[in-house]
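A.B. asks: Chains as they are written, first to last, in the working numbering: chain U, 4 to 237; chain G, -8 to 728; chain S, 3 to 84; chain X, 3 to 84. We put the CB at the ideal spot given by N, CA and C, even for glycine. None of these values were measured; they are calculated from a predicted model.
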Amino acid sequence: MNWGVLLFPGSNCAEDCFHVIDKVLGKPVTYLWHKDTDLGDVDAIIIPGGFSYGDHLRPGAIAHLSPAMSAVKEFAEKGGLVIGICNGFQILTEARMLPGSLLQNRGLKFLCQDQTLKVDNIETPFTSEYKTDDVLVFPIAHNEGNYYAKPETIAEMEQNGQVLFRYCNPEGEISDVTNPNGSINNIAGIINRTGNVVGMMPHPERSSDNVLGLSDGKGVFISMLKYLEANKQN
Amino acid sequence: MAEKLWIKAGLTDSEYELLTKHMEREPNTVELALYAQMWSEHCGYTHTRPLFKHFLTTGPRIVQGPGENAGIVDIDDDEVLTFKLESHNHPSAIAPFQGAATGVGGIVRDILAMGAYPIASLNSLHFGYPGDAGHTRWLISEVVHGIGEYGNCLGVPTVGGELRFADAYKGNPLVNAMCVGYMKKSEIKKAIATGVGNSLMIVGNLTGRDGMGGASFASKDLDEENEEDRGAIQVGDPFMEKLLIEACLEVFEEDYVVGVQDMGAAGILSSSVETASKAGNGVEIDVALVPKREEAMRPEEVMISESQERMLLIVRKGMEDKVNKIFHKWDLHAVVIGHVTDDGIYRVLENGKTVGEVPVWSLMDAPTYVLEGKEPAHLEQTRRFMNDDVAVPEDLNQVLLQLLGAPDICSKEWVYRQYDHRVQMNTVVKPGSDAAILRIKDRDKAVGVTMDSNGRYCYLNPKRGAQSVVYESARNQVVSGAEPIAITDGLNFGNPENPEVYYQLEQSIIGLSEACRALDTPVIGGNASLYNQTPEFGAIYPTPIIGMVGLVKSLSHVTTMDFKNTGDFILVIGETKEELGASEYLDQIHGLITGDVPELDLDLEQKTQQFILDIIRQGLVQSAHDISDGGMAIAIAESCITSELGAEVSFDLNLRPDALLFGESQTRFMLSASGESADKIIEIAAKQGIEAANIGRVTAHKRLSINNLEKNLINITIEDCAQAFNTGFDKMMKTDA
Amino acid sequence: MLKAIVTVMLKKGIFDPQGRAVQNGLESVGFENIKGVRVGKQLEIDLAMDDLESANDLVHKMCDKMLANPVVESYSFVIKEV
Amino acid sequence: MLKAIVTVMLKKGIFDPQGRAVQNGLESVGFENIKGVRVGKQLEIDLAMDDLESANDLVHKMCDKMLANPVVESYSFVIKEV
Ligand SMILES: Nc1ncnc2c1ncn2[C@@H]1O[C@H](COP(=O)(O)OP(=O)(O)O)[C@@H](O)[C@H]1O
Ligand SMILES: [Mg+2]
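Structure (structure tokens):
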């Protein structure tokens, strides 16, 4: 299974994602360059966090127009697995590969903290390792993580099980009080209609290396890996 | 010159006389500008350089002492760390967001110039109490925002620092930023312009009129007259800096570059002079070749501009295109602006025509001043303080809560929540404990990083105060499982031409040096920021700031301050004396900034720190915390709050209750350990002649109770403690965010 | 030479926390009669062209493609000769 | 009811990294003839008042006191009846 980590000028979690695939999962991984349109033979693509193009204008506003993103779109249309984390999520919404948009946190401040989450839909290639009752800890670190979409869109997503993760408190309660950034319905991560493109604000990679005291995030990558392996065999 | 243009440029008559002697003629305006910048306090260290002789700068782990962009220490396995701190006080007072942001950018480039990848950023901030002053609150939020935004965008985790308050900083806040970089020993770069004919290439941002004269601006008091200097505001561009890091490190992988220097104060000028002087070479630079953002810039403006995010590379002849190609990949370009020459002359050209030439050595040879210090008048009085001057408060629970919520002590989560402290995935211990700990990937080891100061201590006893700060830094390291290796110092003082300030400066440096010698933590670099004063509020407290780096030899040694298990024993190491002087308690509770700084015994300190490190390495310790601001009661409460556990302790000490609880006797630690380990710790301590006492246990019921001589002093819920600790900052900022 | 002045604002109906914060800030220092504040961006774009009509076209394209996100933002602009 | 439209821009001569990044971004997707971009803020402030002159006064005060930092920014505004 080959993994690709897409690099933009200003990406700063690319090495972290690379590290997890390489050292924690022990799988082959390469960097993909934003100016390239040939993605090689990767089976899954990670669009990492950071501040692509300095987050100028809007996070993801410039990056989503890069040559590599057209290739990523094609890759996804053919069913390839794509996960955008933090800035990667913002890029995917700007590219309209995912619905909605990420607005500034309602507290107007950058927020870096270890955040508790619940998984809403465990029947996806990204979440099969989890149980619905799990309360997971993933770090968040963002200034624009306040998920917004039109009410109709939200209703549709809820109905289709497109909400993957929600912010909760350590007891697993989901309410406005346990919402760090103002996201509608405490949405922390979503999946597209066809179930192969995910965007999430929390950082699963930062919660994948036991040395750092957090390990809940590994499940996302292991889920993806299992899915890929199962599908390769077919 | 008819008019005394040099005075306007910031040079004295005698300095002017000296430079004409060096030049053997009168300077033109370009040449005058070169001297004015290079001979300013900021670039030339005119008042501080003579005092640096006190520093210990070498040691077995020291690869590079002062004299390069940053010092370097060996952390085994052919790996090294490089670190330095830098002040950005005056810019931050005027445009706090940009001032703080560019402060971070500047120090990161120093680290980059060494060839290293920046792995951690820290900051030490000092402000006046906000009180009702919206201005101070604005300063605090803008500074924090500026530091956060820059570091976050760069992807360098901001993992530590400090935020302290005193009225003395009201007019002149302090913003000192520190950066730590990692590299292999073989990757070290130097700031040197060797090889006649090699090219000087400028990379990064375009040059504009930003920060015109920043170096000499930083070498003046902040007063009305400099309001005009406000044109000097630089704007930070962390995105550009991120690209610079990527591109430079890629270039460094090849053998194209012989020297690197970041452009900080006095821009192109100081970076090129320093590199040339180190090689004993000359350089020539054509200002017309410098890519500019603004039109009609005069040659001296180009030379001293402090536009941010620029670096100078000394590139092997013939390799220019290869270097440019790598920069191009990152959407940047590298432009040749001049060459290394063999004549020792610093020559400025404009379109090939010489517009200024002076000997390189003379620019580096800023005159130094050794002044006569005078003990500050206030010491006479503050030394006379006796504990009996204040009464023991009735309600000690209330005092504890008030201290937990005090600006210097309360939780700073409001601040570090705005900093990405986890990016790069090395942060093993995040902000909020004693030292931040970063693992080194693929190795069983880690580094501890800290930044500490105590202006009040140094105000009340400059020498011992400075010693205490070094020791406190080291204590923060050892309780975290790290062996202190070396320090970088930030010397923040008022106007040194005032004899009382000079005394503070000299004594602080002496104190700092003695402590570093005793602990064997050499000074490998630093920064001086003098003239921190305003007509309205006077001089700041003498504030030496210590940035320290330590080595954790195995990840299993990493220790934090929170209690771990109910039933563990709580131990106090070190002697508690009846010392109230200079304490946070006197300041916050009695409104007194007075008394002498608690006593210090250099040998005992060294021995005790080694002991703490030893027992941690033996795996005997569950939690460890140094006892500092606010004393014993605060230390215990902090370990309770962070673990959400209780503690029941009792003493048999013949001391005033407030001195026992809140006094700041030095060389003390608070540990928790299982029963068996606790006995062992006490046994080892006894053998080494170190005081150690088992004072009680960690409990499941969430209360803190402290008794002395069978009398209850403190009995309070952890919830109340946490509430005071966690809301103190918001209360001060009047926010509820 | 032409100068396009582009304004990008959050769409009506989308909560603007920054606007709210500015309003609170203004009120807290004693300003009155403020019914609402919204904060957006203004971009000034210098164009090396003279034809107003083609400039108009160009700026529309820039906005649609990059300068505004139609999911949450609306834009407007004027073009001036300079 | 009046509406003040306030524009806050970085002063001329002060480097605007955001403008530069937007310009590069536009160019990289093929837009041409762009000589420069500067990015600032636009604030729309609804005022519960009718007198243009006193509104003018008020908005000046708001800008000086809070909306712009005179060290780095300049502002301008228009007031419209709505
Ligand atoms: N207070 C100090 N203590 C020790 N070394 C210092 C101190 N101040 C400056 N230095 C050293 O002097 C050298 C020049 O400092 P500086 O001009 O600040 O460098 P830069 O321009 O790269 O910031 C550096 O090596 C620095 O570490
Ligand atoms: Mg330097």
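Leaving aside the five residues before and after U:Ile50 along the sequence, list all residues of the same chain whose C-beta is less than 6 Å from its C-beta, in chain order.
C.D. replies: Leu9, Gly87, Gly91 and Ile94
A.B. asks: According to DSSP, is G:Pro82 part of a helix, a strand, or is it coil?
C.D. replies: helix
A.B. asks: Using a C-beta cutoff of 8 Å, does U:Gly87 count as contacting chain X?
C.D. replies: no
A.B. asks: Cα-Cα, which of U:Val223, U:Asn184 and U:Leu106 is closest to U:Val200?
C.D. replies: U:Val223
A.B. asks: Over the uninterrupted alpha helix (DSSP H) stretch that includes G:Met192, give me the two end residues.
C.D. replies: First-last for G:Met192: Ser190 to Gly195, but that is the beta strand (DSSP E), not the alpha helix (DSSP H).
A.B. asks: To the nearest angstrom, report how far apart S:His62 and X:Gln25 are at their CA atoms.
C.D. replies: S:His62 and X:Gln25: Cα-Cα distance of roughly 15 Å.
A.B. asks: To be precise: take each residue of the stretch 53 to 65 of chain U, compare its Cβ to all Cβ atoms of chain X, and keep it if any distance is under 7 Å. Which residues remain?
C.D. replies: Tyr56, Gly57, His59, Leu60 and Ile65
A.B. asks: What are the start and end residues of the alpha helix (DSSP H) that includes G:Tyr410?
C.D. replies: Element bounds for G:Tyr410: n/a, residue is neither H nor E.
A.B. asks: What residue does the alpha helix (DSSP H) around G:Gly96 start on, and which one ends it?
C.D. replies: Pro87 to Ala104
A.B. asks: With DSSP run on the structure shown, which of helix, strand or coil describes X:Glu75?
C.D. replies: Collapsing the DSSP output to three states places X:Glu75 in a strand.
A.B. asks: Can you name the residues that DSSP bridges to G:Leu482?
C.D. replies: G:Ala519 and G:Pro535
A.B. asks: What residue does the alpha helix (DSSP H) around G:Pro290 start on, and which one ends it?
C.D. replies: Pro290 to Ile295
A.B. asks: Determine the chain U residues that contact X:Pro72 at a beta-carbon separation under 9 Å, and present them in chain order.
C.D. replies: Simply none; closest approach about 22 Å.
A.B. asks: On the DSSP letters alone, give me the boundaries of the alpha helix (DSSP H) that G:Thr127 sits inside.
C.D. replies: Gly125 to Leu145
A.B. asks: The alpha helix (DSSP H) with U:Gln93 in it runs from where to where?
C.D. replies: Here the alpha helix (DSSP H) through U:Gln93 covers Asn90 to Glu97.
A.B. asks: In three-state DSSP terms, what is G:Val361?
C.D. replies: Here G:Val361 sits in coil by DSSP.
A.B. asks: Relative to the alpha-carbon of G:Glu244, which residue among G:Met105, G:Met231 and G:Pro367 has its alpha-carbon at the smallest distance?
C.D. replies: G:Met105
A.B. asks: Report the three-state DSSP secondary structure of X:Val68 (helix, strand or coil).
C.D. replies: Checking the displayed sequence, the identity of residue 68 of chain X turns out to be Met instead of Val. Helix.
A.B. asks: Tell me, to the nearest whole angstrom, how far the beta carbon of U:Asn15 is from that of G:Val414; I am working on the premise that it is less than 8 Å.
C.D. replies: 6 Å
A.B. asks: Identify every residue that forms a DSSP beta bridge with G:Lys75.
C.D. replies: G:Cys170
A.B. asks: Scan the stretch 383 to 449 of chain G and note each continuous alpha helix (DSSP H) run of 4 residues or more that stays entirely inside, going in chain order.
C.D. replies: 387 to 395 and 404 to 407
A.B. asks: Kindly say whether S:Ala50, judged by its beta-carbon, lies nearer than 8 Å to any beta-carbon of chain X.
C.D. replies: yes
A.B. asks: May I ask you to list, following chain order, the residues of the stretch 296 to 321 of chain G that have a beta carbon less than 9 Å from some beta carbon of chain X?
C.D. replies: Residues Ser298, Gln299 and Glu300.
A.B. asks: Short check: CB of G:Glu300 to CB of G:Gly199, under 8 Å?
C.D. replies: No; because the gap between Cβ atoms is not below 8 Å, this pair is not in contact.
A.B. asks: Under 8 Å, do G:Asp277 and G:Val187 count as touching if we go by C-beta distance?
C.D. replies: no
A.B. asks: Check whether the stretch 38 to 57 of chain S and the stretch 3 to 11 of chain S are in contact - that is, three or more C-beta pairs closer than 8 Å.
C.D. replies: yes
A.B. asks: For G:Leu700, count the other beta carbons within 10 Å of its own beta carbon; 16 or more makes it buried, fewer makes it exposed. Which is it?
C.D. replies: exposed
A.B. asks: Hey, is the stretch 112 to 125 of chain U in contact with the stretch 34 to 50 of chain U, meaning 3+ C-beta pairs nearer than 8 Å?
C.D. replies: The count of Cβ pairs closer than 8 Å, one atom from the stretch 112 to 125 of chain U and one from the stretch 34 to 50 of chain U, stays below three, leaving the stretches out of contact.
A.B. asks: Let me know the secondary structure DSSP gives U:Asn189 once reduced to three states.
C.D. replies: helix
A.B. asks: Which stretch, first to last residue, makes up the alpha helix (DSSP H) that contains G:Val21?
C.D. replies: Thr20 to Met29
A.B. asks: Using a cut-off of 8 Å between C-beta atoms, extract the partners of U:Gly13 located in chain G.
C.D. replies: Cys144, Phe230, Lys233 and Leu234
A.B. asks: For U:Arg196 and U:Tyr56, I'd like the C-alpha separation in whole angstroms.
C.D. replies: 29 Å
A.B. asks: Alpha carbon to alpha carbon, how far is G:Val346 from G:Pro290? Give it in angstroms, no decimals.
C.D. replies: 8 Å
A.B. asks: What does X:Asn26 touch in chain G if you count any residue whose Cβ is under 8 Å from its own?
C.D. replies: Asp322
A.B. asks: Check whether the stretch 70 to 89 of chain U and the stretch 25 to 32 of chain U touch, using three or more Cβ-Cβ pairs below 8 Å as the test.
C.D. replies: no
A.B. asks: Return the bridge partner residues of G:Gly273 from the DSSP annotation.
C.D. replies: DSSP lists G:Thr332 as partners of G:Gly273.
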